[in-house]
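Enquirer: Structure provided below as structure tokens; questions to follow.
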Amino acid sequence: MAVKDYLRQRFFPHMWCPGCGHGTILNSLLRAIEELELDKKDIVMTSGIGCSARISGYVDFHSLHTMHGRALPCATGVKLSRPHLNVIVPMGDGDALAIGGNHFIHAARRNIDITAIVMNNRIYGMTGGQFSPLSGVGIKATTAPYTTIDNNFDVVELATAAGASFVARSTAYHAKESTDILKKAIQHKGFSVVEILSQCPTHYGRKNKEGDAASMLEFHKTNTAKIGSKALEKNPSLTPRGIFVDLDKPEYCAEYEKIIAFAMKEKAS
Ligand SMILES: Cc1ncc(C[n+]2csc(CCOP(=O)(O)OP(=O)(O)O)c2C)c(N)n1
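Start counting the sequence shown at 39; every next residue gets the next number (our numbering).
As structure tokens, this is what we get:
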């Protein structure tokens, strides 16, 4: 159980509500890191603010708990100064795509070697249940008592269009699948986006009458299907899961090294 060694047990008990999907995602991530046999000294976790972002406090890696929406710029700075480190950025849907939306598309465009995990519970959990750009239409939230009218982003489509070279989706129900995907995302050289659907029974579930955590997990199970599966073919309205993009594209830090070498050569001549 090397995963225990990856936790800062002095920060426990954690702040997540009973039934929250975020703990399961942390579990999947730690198992991925354990299976890859990564040394914790070679991992940096950078996060913003939110229930999801709180993860950086619980892991015994190098960690930066920064500002809401600004995890990716901070991670970019870390990665550029220490390209050999594995930089992992867990974000909530608000953190990644509301206040941090601009940073998200530009990190994807640069294809910098960072693993971005969007822990999508379709709501602002930490601040009490405001709707987010991933809530979608017809959702009840503290800021939409009569339901939302805003369309949502599709994280997979957005990340793909912006240039991310690895894009995948799983759910907190599919914990083993999440581990397998996260392993590939961490190993991938380039900007990796893994959306993991999470459940927030306290705010989203209660307001939208989705039942307890078990029913919300059941929803992840029955309303998603693997890409290429018969289930998805039969019912295209299910949310697809799996790896959508896995491309070999020039990586930002490697390209930057080339520019430095070129500049030095020019200066010397
Ligand atoms: C600049 C700034 N704006 C707003 C906040 C308040 N705030 C903290 S967390 C949060 C949203 C959290 O939602 P999300 O990112 O979806 O993560 P979750 O808590 O659901 O995991 C907000 C609005 C803040 N801390 N800083």
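Cβ coordinates follow ideal geometry from the N, Cα and C atoms, glycine included.
Hey, would you say HIS127 sits closer than 7 Å to ALA154, going by beta carbons?
Expert: For the record, residue 127 in the displayed sequence is Val; it is not His. Yes. Within cutoff.
Enquirer: For TYR44, does the three-state DSSP call read helix, strand or coil?
Expert: coil
Enquirer: Could you name the residues of the same chain whose beta carbon sits closer than 6 Å to that of GLU248, not counting the 5 residues immediately before and after it, in chain order?
Expert: MET254
Enquirer: Is the segment 139-158 touching the segment 114-127, taking contact as three or more C-beta pairs under 8 Å?
Expert: yes
Enquirer: For a test of the three-state rule: what should DSSP assign to SER85, helix, strand or coil?
Expert: strand
Enquirer: Between ILE87 and ligand 1, is there a pair consisting of the residue's CB and a ligand heavy atom that are separated by less than 6 Å?
Expert: yes
Enquirer: Could you have a look at LYS117 and say whether DSSP puts it in helix, strand or coil?
Expert: helix
Enquirer: For GLY86 versus THR114, is the C-beta spacing smaller than 7 Å?
Expert: no
Enquirer: What are the uninterrupted segments assigned as beta strand (DSSP E) that are 3 or more residues long and contained completely in the segment 262-288, given in chain order?
Expert: 262-264, 277-284
Enquirer: Within 8 Å, do at least three Cβ pairs link the segment 224-241 to the segment 56-72?
Expert: yes
Enquirer: Is any non-hydrogen atom of ligand 3 found closer than 6 Å to the C-beta of ASP131, if you look at the structure I gave you?
Expert: You won't find ligand 3 in this model; what it holds is ligand 1.
Enquirer: Hey, out of VAL82, LEU74, CYS89, whose CA is closest to LEU110's CA?
Expert: VAL82
Enquirer: Have a look at GLY382 and LYS303 and give me their C-alpha separation to the nearest angstrom.
Expert: With the chain running from 39 to 307 in the structure shown, residue 382 is simply not present.
Enquirer: Determine the contact status of VAL205 and VAL116, defining contact as a CB-CB distance below 7 Å.
Expert: The answer is no: Cβ separation not under 7 Å.
Enquirer: What are the start and end residues of the beta strand (DSSP E) that includes ALA134?
Expert: ALA134 -> not in any beta strand (DSSP E); alpha helix (DSSP H) instead, spanning 131-135.
Enquirer: Using DSSP bridges, identify the partner residues of PHE8.
Expert: For residue 8 there is no data in the structure shown, the boundaries of the chain being 39 and 307.
Enquirer: Using only alpha-carbon positions, find the residue among ARG279, ALA202, ALA251, VAL232 that is nearest to TYR290.
Expert: Ranking ARG279, ALA202, ALA251, VAL232 by Cα distance to TYR290 puts ALA202 first.
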